[in-house]
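In terms of the numbering used here, the sequence shown is numbered consecutively and its last residue is 61. Where is the CB? At the ideal position from N, CA and C, for every residue including glycine. Since this is a predicted model, take the numbers as computed values, not measurements. Structure record follows, encoded as structure tokens.
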Amino acid sequence: MVNMVKHFVFVKFLHLIDLFDQIHEKQIRLSSDQLKSHLPKICSHLVVLELCTTFLYPTFDEQDLLL
């Protein structure tokens, strides 16, 4: 059951990465005024992406990368 949940979250995680890439491509094409209207959605996706990453990799420690 835990593996099924992790798989589901991982699939959602990949979907969010794809959405983030699409948003990034769109923001490159938008003027700054147009971009402002998209910021809440971008921030929301980033928060979800962070939560998924935390769930998938709960033991990840950024400090290990610095050593």
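Between the beta-carbon of Leu10 and the beta-carbon of His39, is there less than 7 Å?
For the purposes of this step, residue 10 is taken as the residue at position 16 of the sequence shown. For the purposes of this step, residue 39 is taken as the residue at position 45 of the sequence shown. Against a cut-off of 7 Å, the Cβ pair of His39 and Leu10 comes out as a contact.
Go through its chain and collect everything with a Cβ distance to Lys20's Cβ below 8 Å, but skip five positions before and after it.
Position 26 of the sequence shown holds residue 20. His32.
Between Lys6 and the rest of its own chain, which residues show a CB-CB distance below 7 Å, the 5 nearest in sequence each way excluded?
Taking the sequence shown and counting its residues from 1, the one referred to as residue 6 is at position 12. Closer than 7 Å at the Cβ level, and outside the excluded window around Lys6, lie Cys46.
Using a Cβ-Cβ cut-off of 7 Å (strictly less than) and excluding sequence neighbours within five positions of Phe4, which residues of its own chain qualify?
The sequence position of residue 4 within the sequence shown is 10, counting from 1. Excluding residues within five positions, the ones whose Cβ falls inside 7 Å are Leu50.
Within its chain, find whatever has a CB closer than 6 Å to the CB of Ile36; leave out the 5 residues flanking it on each side and keep chain order.
Walking along the sequence shown from the start, residue 36 turns up at place 42. Excluding positions up to five away in sequence, the list reads Ile17.
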